[in-house]
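Written below as structure tokens is the structure these notes are about.
In UniProt numbering, the protein residues as written are 1 to 286.
Okay, here's the thing in structure tokens:
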């Protein structure tokens, strides 16, 4: 079962004095490109957090965000009382008639009037946060699987379209061969020369073998079947699907170069169009 690399997951946790929100977004990427945004108080946990995310998501351009919203009477910013008192004392010397309230307003705006105390990580709280992170990662993986189902439906449709166009091209093959024979015979007749019929037949067979697309049809059929087989596998493997589409493209291109028939070339163009749509979406497969 394939998964998309595009996804979004969100989870929240309400603690007594704060609300924790975790958001995870992902887009397609060749590897895991992880960007983590979190409050500085939890920075020492970032390495373990990155491992936790990488084990769950594997690939993709991932943006992870952890937000904290204080909902209770809790703050890490305190008034630096000695500094504020010193500022007020100095300003009283300069402005002895000033109102105490006004002096306070000015003092708290001065440098170092407020100090932020570094919070220590509460291990119990961090375990709760890890639980909500796991929930967000589960949600994004569910999103990826749902997107994968949509991609699988589209892939099966495109593969079936390529198969149909290929069969239509094969159905035109007798007409194409007859046209080639007639053109060559007409060219010989216009030369008004006598030719050895046996030699002519040998050269014609050699020429037609060069234009034969039976091998391309067999290989393309095998690639189409292998693509569907990989699609139905238990492992998500976008890289393998990408390699298979490259092989499919080679066979379709060879059929186009050998076709030498307007109707067949039109069908080859349609096959290429379907294959390009597959290639675009394969880039998004995990």
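Don't be surprised by glycine CBs; every beta carbon is placed ideally from N, CA and C.
Provide the residue span of the alpha helix (DSSP H) that contains residue i, from first to last.
{"i": "residue 137", "result": "123-171"}
{"i": "residue 90", "result": "81-94"}
{"i": "residue 225", "result": "214-231"}
{"i": "residue 273", "result": "262-282"}
{"i": "residue 253", "result": "238-259"}
{"i": "residue 101", "result": "100-107"}
{"i": "residue 50", "result": "46-57"}
Might you give, ordered along the chain, the residues of its own chain that have their beta carbon closer than 6 Å to the beta carbon of residue i, omitting 5 neighbours on each side?
{"i": "residue 145", "result": "3"}
{"i": "residue 29", "result": "60, 61"}
{"i": "residue 163", "result": "224"}
{"i": "residue 279", "result": "245"}
{"i": "residue 23", "result": "10, 65"}
{"i": "residue 110", "result": "87"}
{"i": "residue 161", "result": "274"}
With residue i and residue j assumed to form a contact (beta carbons below 8 Å), what rounded beta-carbon distance in angstroms separates them?
{"i": "residue 213", "j": "residue 255", "result": "5 Å"}
{"i": "residue 27", "j": "residue 5", "result": "7 Å"}
{"i": "residue 83", "j": "residue 113", "result": "6 Å"}
{"i": "residue 211", "j": "residue 260", "result": "6 Å"}
{"i": "residue 238", "j": "residue 282", "result": "6 Å"}
{"i": "residue 286", "j": "residue 128", "result": "At roughly 29 Å, the Cβ-Cβ gap does not stay under 8 Å, so residue 286 and residue 128 are not in contact."}
{"i": "residue 147", "j": "residue 7", "result": "7 Å"}
{"i": "residue 284", "j": "residue 151", "result": "7 Å"}
{"i": "residue 54", "j": "residue 141", "result": "Wrong, their Cβ atoms sit about 13 Å apart, outside the cutoff."}
{"i": "residue 45", "j": "residue 126", "result": "6 Å"}
Sorted by chain position, which residues of the same chain lie with C-beta nearer than 7 Å to residue i's C-beta, five sequence neighbours on each side aside?
{"i": "residue 68", "result": "18, 20, 39"}
{"i": "residue 135", "result": "11"}
{"i": "residue 217", "result": "166, 170"}
{"i": "residue 249", "result": "275"}
{"i": "residue 277", "result": "158"}
{"i": "residue 240", "result": "230"}
{"i": "residue 143", "result": "7, 8, 9"}
{"i": "residue 71", "result": "17, 18, 19"}
I'd like the span of the beta strand (DSSP E) that includes residue i, first residue to last.
{"i": "residue 11", "result": "7-14"}
{"i": "residue 291", "result": "The first residue shown for the chain is 1 and the last is 286, placing residue 291 beyond what the model contains."}
{"i": "residue 23", "result": "18-27"}
{"i": "residue 63", "result": "60-70"}
{"i": "residue 35", "result": "32-37"}
Tell me whether residue i, by its Cβ, gets closer than 7 Å to a heavy atom of the ligand SAH.
{"i": "residue 140", "result": "As for the ligand SAH, it is missing from this structure, which has no ligand bound."}
Grab me the residues of residue i's own chain with a C-beta within less than 8 Å of its C-beta, minus the 5 sequence neighbours each way, in chain order.
{"i": "residue 104", "result": "84, 88"}
{"i": "residue 98", "result": "91, 92"}
Quiz item: Quick check: the segment 33-48 against the segment 8-21, are there 3 or more CB pairs under 8 Å?
Solution: no
Quiz item: When the Cβ atoms of the segment 156-167 are set against those of the segment 227-238, are three or more pairs found closer than 8 Å?
Solution: yes
Practice problem: Could you tell me whether the segment 43-51 touches the segment 78-88, using the rule of 3 or more Cβ pairs below 8 Å? | Solution: no
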